[in-house]
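*Asks:* Encoded as structure tokens, here's the structure I'll be asking about.
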Amino acid sequence: MTDWQWSEANSNMYRQFSHVVVPHRAEQIATLMSLFPFGVDETFRVVELASGEGYLAQAILTAFPNATLLALDIEATMRRDTAARIAGFGERGAVGAFDMAQPDWYPQIDGADVVVSSLCVHHLDRAGKRALFKAVADRLSPRGALLIADLIEPQRIEARKVFAAGWDAVTGAQAHAATGSDALFQMFVEKEWNFFAYPDPVDTPSPISHQLLWLSEAGFASVDVFWLQAGHAIYGGYKAAEGASTPIPYADALRIAQAVLV
Ligand SMILES: C[S@@+](CC[C@H](N)C(=O)[O-])C[C@H]1O[C@@H](n2cnc3c(N)ncnc32)[C@H](O)[C@@H]1O
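Residues 85 to 346 in our numbering are what the sequence shown lists, from first letter to last.
As structure tokens, then:
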């Protein structure tokens with residue numbers, strides 16, 4: 085585990101440009117939701133780890149009208165953001181505090197059906213990720229899944245350069261599309277946010293091949309990587325071979341994600 089902790093300053097910076105620095109954010113949210121092993125009308129329980137501004141939580145509660153969701157985050161202002169975004173869902177949504185690097189919150193995922201997390205697992209080191217995967221595998225319901233969107237560590241210098249260039253390119257394009265200017269892209273560069281161009285000891289992503297192995301070792305029956313762009317991957321594991329009989333159609337999930345992100 086690492087000694088470094090996310091701060092309110094990190095949250096404030098992330099809020100300013102998250103809509104342009106996260107590659108294809110609506111696509112990522114739609115992909116995560118489309119991978120749920122539960123149908124649109126099923127009743128199931130989701131726990132989101134590090135919910136941040138709450139967009140994914142809002143999209144999930146919109147897309148799955150019988151689902152309940154517990155959103156956890158370490159940072160008070162992020163919990164406030166998430167709470168505001170999901171307030172309209174009443175008792176279906178709840179928000180709580182946790183530190184992903186500590187084991188004391190694990191009981192909150194006892195019996196959960198889906199555990200989902202975007203852009204936080206890379207703050208755990210190898211041992212921390214392995215502990216997390218095992219804790220989730222041990223506690224999920226029999227049909228459950230752990231689905232993660234996160235940075236991954238390239239294993240070769242060529243891949244690091246491709247990831248860095250790809251992230252610059254998508255951030256520049258998204259900044260222009262959103263604002264008509266490159267100011268947010270300049271901020272991304274000045275703040276050295278591109279981990280692949282500016283490695284930082286507080287970010288400890290692991291190679292995707294290692295993480296798939298750790299997921300298998302933790303007890304997930306099927307593990308895979310489902311999406312990968314600019315060094316950002318969506319990957320995870322399922323407890324059972326059985327899937328959703330009527331999963332949400334990807335086009336519906338994307339429409340919901342786009343509406344939430346406006
Ligand atoms: C880059 S933001 C991602 C937020 C959101 N999941 C998203 O994809 O936009 C990282 C989030 O992780 C939270 N975080 C960072 N370190 C954490 C830790 N050790 N335990 C719990 N949450 C943490 C931060 O407060 C922040 O909300």
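Just so you know, even glycine gets a beta-carbon here, dropped at the ideal spot from N, CA and C.
Which residues does DSSP pair with Asp234 in a beta bridge?
*Replies:* Note: Asp234 sits in a beta bridge opposite Ala317.
*Asks:* Could you tell me the boundaries of the beta strand (DSSP E) in which Leu140 lies?
*Replies:* Per DSSP, Leu140 belongs to no beta strand (DSSP E); it is in the alpha helix (DSSP H), 139–147.
*Asks:* Please tell me whether, using a cut-off of 6 Å, the distance from the CB of Ala305 to the nearest non-hydrogen atom of ligand 1 is below it.
*Replies:* It does not: the Cβ of Ala305 is nowhere closer than 6 Å to a heavy atom of ligand 1.
*Asks:* Just to check, is the beta-carbon of Met97 closer than 6 Å to a non-hydrogen atom of ligand 1?
*Replies:* Checking the Cβ of Met97 against ligand 1 gives no.
*Asks:* Using the C-alpha atoms, what's the distance from Phe217 back to Gly195?
*Replies:* Approximately 15 Å, taken between the alpha carbons.
*Asks:* Apply the 10 Å Cβ neighbour rule to Glu351 and answer buried if 16 or more other Cβ atoms are within range, or exposed otherwise.
*Replies:* With the chain represented from 85 up to 346, any question about residue 351 goes unanswered, as that position is not in the structure.
*Asks:* At 4 residues or longer, and completely inside the region 107–176: list those alpha helix (DSSP H) runs for me, N to C.
*Replies:* Segments of the alpha helix (DSSP H) lying fully in the region 107–176: 109–118, 139–147, 160–170.
*Asks:* Alpha carbon to alpha carbon, how far is Met85 from Tyr282?
*Replies:* Its pLDDT being 45, under 50, Met85 is placed unreliably by the model, and the measurement read from it follows with that caveat. Their backbone Cα atoms lie some 21 Å apart in a straight line.
*Asks:* Which of the three DSSP states is assigned to Met85 in this structure?
*Replies:* Because the pLDDT of Met85 is 45, which lies under 50, any placement of that residue in the model is unreliable, and the number read from its coordinates should be weighed accordingly. Note: Met85 maps to coil in three-state DSSP.
*Asks:* Determine the contact status of Ala337 and Ala147, defining contact as a CB-CB distance below 7 Å.
*Replies:* Result yes, Cβ atoms of Ala337 and Ala147 sit closer than 7 Å.
*Asks:* Which of the three DSSP states is assigned to Gly345 in this structure?
*Replies:* A small fix is needed here, since residue 345 is Leu in this sequence, not Gly. Helix.
*Asks:* Does ligand 1 have a heavy atom nearer than 6 Å to the CB of Asp308?
*Replies:* It does not: the Cβ of Asp308 is nowhere closer than 6 Å to a heavy atom of ligand 1.
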